[in-house]
Every structure is written in C-alpha cells, then in structure tokens.
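Notes for the one structure printed next.
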Amino acid sequence: MAVIGSGVLRGMGVTFKTFLETYPWGRLILRTLRIPVTNGLFTIPYPETKQQHPERFRYFPFLVYDGTPDNLRCVACKICEQECPPQCIHIVMEKDEQGRPVKAHGRTLPKQFDIDMSICMSCRICVDVCPFDAIEMDNEYELSASDRYEHMIFDKHKLLKSADYFQKIKPTEAATVDARLAAKKPKA
Amino acid sequence: MELKTSISPTIETQQLEVNLGPQHPSTHGVFRMIATLDGERIVKLKPVMGYLHRNHEQIGERATYIASFPFTDRLDYFCAMSNNFGLALAIEKLGGIQASERGEYLRVIMAELTRLVNHTAVIGFLLNDMGAFGTPLLYAFREREKILDLFEAASGSRMMCNYVRPGGVREDVPEGWLERAREIVNAFPRFLDEFEALLTENEIVQQRCQHVGVLSKELAMNASITGPMLRASGVNYDIRKVDGYSIYPRFTFKIPLGTVGDVYDRYYVRILEMRESVNILQQALKEIPDSSASPAISPKGLALVKAPRTFRPPRGEAYGRIEAPKGELGFYLVSDGSSQPYRYHVRAPSFINLTVLEDMCLGYKVADVIIILGSIDIVMGEVDR
Ligand code: SF4
Ligand code: SF4
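Next up, the structure:
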C-alpha cells in the first residue's frame, strides 16, 4: 500500500505543473526538464480584445438586401413567421388601398418586419426554412439595451443589412447561397 | 433511529428541519431539499422540484416536429447534441426516415464528444461540492472549452447547438473540422491521466466518497435508474449495447462497471466511460466516409429541415431512446397524422435518477448529502422540463 498522503502530493504536483505552464519562464523550466507542455486556454480581456468567432457563429437574424435597401430579398411569404419556434417574428405585407400586394423589383415586400430580440433564441430555423435566402444569421452579439420595448424589438430598418455585409462575415456560406440564387435566376 | 438511544435520555433532543436551496450553488440549479436532521444525520429528506418548469412537452405539441429541436437543447443544457440526437431518432422511427452514412457518423461523434463534455463538467462540480473550490472544476472546464469550440465551429453555438436532425445533421462540418477533432480527441487521454493523478488516488477524495451514498443493485434496478449511476452499482446495462441504435454496433468498446455503488464508484465509472468514449471517437473519426461519398443529411431529412410543415407522419407512435451522458433519454411521440405531434413526452434521466436521493442519503451527514446529490448528476432544466 502506498504511503498515506502520497495521493495528495501527486495531485499537488499536477497543480504545480499547471502553475508553471501559466508563465513563459515556467514553460521553459518544464521544457528543459523534458516534461510535455500543453498550451492552455488564455483569458481574453474583453471588451478590449474580442474573441475570434468561427464563421458559423450565429446570434440574431438579419434581412439581406442586394444593392439598395429597397431591393430586399424577402417577399413577405410569412413562412419564417410560422415556423419560428418561440413565435417572435411579426410580418405585415405591403398592400395598396384595394388590398392588393404592392410589388417592387418584381416581388412583393413586407411593410412591417419585426423580430423581438428578447424572445429570439438564435436557433437558425428561420434561415433554414426561408425559400428565398432572404434572412441570415448575424454574428453581432453586443445587443444589450436598457429598454424592453423600444430597443429590443428590431424593425425592418434595423434588420436590413446588405449582401456585401453577409459576404464579409460569412464568406463560405454566402458563396453557396449566391450559387443557389444564380441557379434559380434563368428560370424566373 | 438507533441514534436517539445513544443520546443520554436526560437530555431532550429535537429534530431539526433544514432547507437546502432552492437557490444554492450546491443544489445544481433551483432545487430544494427539506432535510430533517437528528444531530447531523439525515432522517428524512424531501426533494422539492418544479421551479424551472417550462412546459416543454406542451410546447412540443403545439410546434412542428422540427421546431422542438431548439427546445430540446435547453433540456439538459450540457448535452444539447445528444438531446437533439434522441429526438431525431424518435422522428426517424415515426416517419420512416433513413439517415445518411456520414450523418450517422457525425451524430455519433457529436454524441460522444458531448459525453466527454458532460462527464468532465460533472466531475468538476462534484469536486466543487466536496470543497475543492475551483481547481478541478477549472481544469475540467479548460478541456470542455476546447470541445465546445468544436461545437461552435460546426453548429454556430457552443451550448445550444440545434445541430442534429432526422436523417443526419443540419449541415456538414466545415473544412478542417475533423482534423481538429482528431487532435483534441487524441490529446484527451493525457488530460484524463492528469485529472486522475489529481483525484483518483487522492486520500481526501477517497475518504469523502468511499462508502458514502451507497445505492444497492436491487434498488437501482427497481427504481429504473439508468446511466453511469446504474453501472456504478454494478448493473451491466448500456443502451448503446442493449439497443444498438444508430451505428454503435460497429464500434468496439467496453462498459465500465462499479462494484460498491458509492459516490466514488460513480466518479470512477465516469472517468472510465470517458476513456471508452475516446475509444469510440477514434474509431469513428477514422472510419467516417468522405463528404463526396455520402451527404451529411439524407434527402428526406433535408426536405424535412427545409419545410417542416410538409412532414406529416402516419398515425402511430414511436419511442426513440439513446444513452445520454446522464442515462436513458427517451422521446415518446404520438402522431395523429398532422404536422404536429399529438403527444410528446420526454423521459428525462436526471429526473428518474433523482427519485432515489432520499434512500441514498438516510443516515449520512449533511455534507454527504451535497456530494451524493452532486454524484447523481442532475441538471434542473431536464428534471423540471
Ligand atoms: S424572410 Fe424568407 S421566409 Fe420570411 S417572409 Fe421573408 S421570404 Fe418568407
Ligand atoms: S433564430 Fe429562431 S427564434 Fe430567432 S427569429 Fe429565427 S426562428 Fe425565431
């Protein structure tokens, strides 16, 4: 049987090794003693430096437009509104006085498009179901606000972001989306 | 209550009722225990739960089959991937969907990574409950963070992954992901060795854990306990072997068993289980077919993701179950032919494992109750749903 206390001492050895790994000089000592050094994770002093997120990082949806903000891809079909699990999207289609849908750039368009940021759970289902690739996930996450109703409900203007922006934040995904849209074009 | 007799009859003694929780770090969430004490020993323990009830099952009956996935992430928020997996299996059974080859592999990889995440975290918390503040927990979290980074790269979110779908996974993993996963998995045993050097032989840990909170084999089986808790009591029952769901029969792995069924066994079974998970992961990461050979999701599954409302499974019922890190996680679905389930039920392992808490605690001290609770491995999101 081992000596009583040896287990505790071995444990302390592990803690001491980790202590040494934290400092450059400590890592040097470990290397000279030929003890394998693992690179730990390092604290990021947020907000001065920010973590690099992977491309797929998702936080909150936004609406994509091509070129000018009035040329948005969304046709107000309300599929995302229906499928959103916590039901936080609200869409009203743009209509004229007779109640006929107004068209711009050959498409119907939403008059109102609100997403309640405090309810959205960043699930990405709206992106999956949208047949027109009109809605995508943003990676902007600093969205805290002091007011529940004024700042947390994102209306159409706040949600609109250009296709170039999408290309910038998610190059790979934007490339597949663009390829898909280009394949659709000739038929339309 | 033999203890009473040992106290001098001339001194009047009284039983004391102590409230543990509902807001206390040692209760792993909003969970309350009303303990009746005689001296320092427990004579009665009444768990109170339901503080985190969110109507998960009712919401599932109102939503489409796919719309339940993001909610399952929030059941056991340490194991989002395996929760998704369980529901995906149930829906596959109900709708007769076949999963793609690569999708199956990716799901198994994710589920086993989740097991690593969960077991490292629970051991860290268990040590925290024992009074080893910080150190083991942070070592565990350091490793866990690397795996969560993998999840984030694949699914876009560290914890609320919402990634597994009937038929495979929502989208294929990004380029270079498998190499990164291989690196992390291959480095994992070294961390486990280090972790074990820190804890397994540690006399203080042994003193605190051995022969505390013993759960007998019979009681464990009668109370339908599952997961590492059941195996720590020496019952060889693992759904990955018994049911052989998904592609688990293809891998060789052992089921570690405990002998005594005390807190120490529950700790040690989890360590051994992680080693087996690494084993499975290495096999899966080697055998996984290329994305050109097999898509990440089968066409039927993809159609379901794109248009959830078109999925109307035939009338009937299905029960999909997996060996989640905490035990048997089952999803029971009844379809009435519409696009929403008629009945949606979750068999949550944490909840059922919690039922033997009182039996395990009787006669032990208050400080032991905390670690017994910690060794059950509960997550309140799953207990209350
Ligand atoms: S975002 Fe897409 S799904 Fe939603 S209304 Fe617009 S076009 Fe339809
Ligand atoms: S991300 Fe999910 S919760 Fe948020 S708006 Fe889209 S569907 Fe709704």
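Quick mapping for you: the protein sequence lines, in order, are chains A and B. Quick note on our numbering: the first sequence kicks off at 9 and runs consecutively. Quick note on our numbering: the second sequence kicks off at 1121 and runs consecutively. Glycine residues also receive a C-beta, built at the ideal position from the N, C-alpha and C atoms.
Output yes if chain A places a C-beta closer than 7 Å to the C-beta of residue 1204(B); else output no. no
Pull up the distance between the alpha-carbon of residue 80(A) and that of residue 1447(B), whole angstroms please. 48 Å
Just to confirm before moving on: does the CB-CB distance between residue 1169(B) and residue 1503(B) stay below 7 Å? yes
Which runs of the alpha helix (DSSP H) at least 4 residues long sit entirely within the region 1441-1476 of chain B? Give them in chain order. 1469-1473
Considering residue 170(A), what are the terminal residues of the beta strand (DSSP E) in which it resides? 168-170
For the alpha helix (DSSP H) that contains residue 1425(B), what are its first and last residues? 1419-1426
Should residue 142(A) and residue 45(A) be called a contact, given that it needs their Cβ atoms to be closer than 7 Å? no
Any chain B beta carbon closer than 7 Å to residue 198(A): Residue 198(A) is absent from the structure shown; chain A starts at 9 and stops at 196.
Would you mind telling me which residues of chain B sit closer than 7 Å to residue 131(A), beta carbon to beta carbon, in chain order? 1190, 1282
Shorter than 7 Å from the beta carbon of residue 22(A) to some beta carbon of chain B? yes
Extract the residue ranges of the beta strand (DSSP E) inside the region 1161-1190 of chain B, only unbroken runs of 3 or more that lie entirely within it. 1161-1168
Could you give the DSSP three-state label for residue 117(A): helix, strand or coil? coil
Is there a C-beta anywhere in chain B that falls below 7 Å from the one on residue 136(A)? yes
Mind checking the region 1289-1322 of chain B against chain C and listing, in chain order, the residues whose C-beta falls within less than 9 Å of any C-beta there? Checking the listed chains, one finds no chain C in this structure; the protein chains it contains are A and B.
Is residue 1152(B) helix, strand or coil by DSSP? strand
State yes or no: is the C-beta of residue 86(A) nearer than 6 Å to some heavy atom of ligand 1? yes
Confirm the yes/no value for this check: CB of residue 133(A), any heavy atom of ligand 2, distance under 6 Å. yes
Per DSSP, cross-strand counterpart(s) of residue 200(A): Any question about residue 200(A) goes unanswered here, given that chain A covers just 9 to 196.
Residues near residue 78(A) by beta carbon distance below 7 Å, same chain, minus five either side: 112
Assuming residue 1304(B) contacts residue 1267(B) (C-beta within less than 8 Å), just tell me the rounded distance between them. 6 Å
Can you pull the chain A neighbours of residue 1156(B), defined as C-beta to C-beta under 7 Å? Those do not exist, as residue 1156(B) stays about 35 Å from chain A at its closest Cβ, beyond 7 Å.
Would you say residue 9(A) faces chain B, with C-beta separation under 7 Å as the test? Reliability of the predicted coordinates at residue 9(A) is poor, the pLDDT of 49 falling under 50, and no value is obtained from them.
Through-space distance from residue 1284(B) to residue 1229(B), alpha-carbon basis: 11 Å
Run the CB neighbour count on residue 123(A), radius 10 Å, all protein chains shown included, and call it buried at 16 or more, exposed below. buried
Closer than 7 Å, CB to CB, is residue 65(A) near chain B or not? yes
The region 1147-1160 of chain B / the region 1483-1502 of chain B touching (three or more Cβ pairs under 8 Å): yes
With 9 Å as the C-beta to C-beta threshold (strictly closer), list the residues of the region 1402-1426 of chain B near chain A in chain order. 1425, 1426
Going along the chain, which residues of its own chain have a beta-carbon closer than 8 Å to the beta-carbon of residue 1220(B), five neighbours each way excluded? 1287, 1288, 1414, 1415, 1416, 1417, 1418, 1421
What is the rounded straight-line gap between the Cα of residue 1441(B) and the Cα of residue 1451(B)? 6 Å
Indicate whether the contact test is met: 3 or more Cβ pairs, each with one atom in the region 63-71 of chain A and one in the region 118-136 of chain A, closer than 8 Å. yes
Beta-carbon of residue 1450(B) versus every beta-carbon of chain A: anything under 7 Å? no
Pull the bridge partners of residue 109(A) from the DSSP assignment, please. 103(A)
Could you say which of 182(A), 189(A), 136(A), 180(A) lies nearest to residue 1425(B) if we only look at CA atoms? 136(A)
Range covered by the beta strand (DSSP E) that runs through residue 1139(B): 1136-1140
Could you please give the first and the last residue of the uninterrupted alpha helix (DSSP H) stretch that includes residue 1493(B)? 1486-1496
Give every residue of the same chain whose Cβ lies closer than 7 Å to the Cβ of residue 180(A), excluding the five residues on either side of it in the sequence, and list them in chain order. 63
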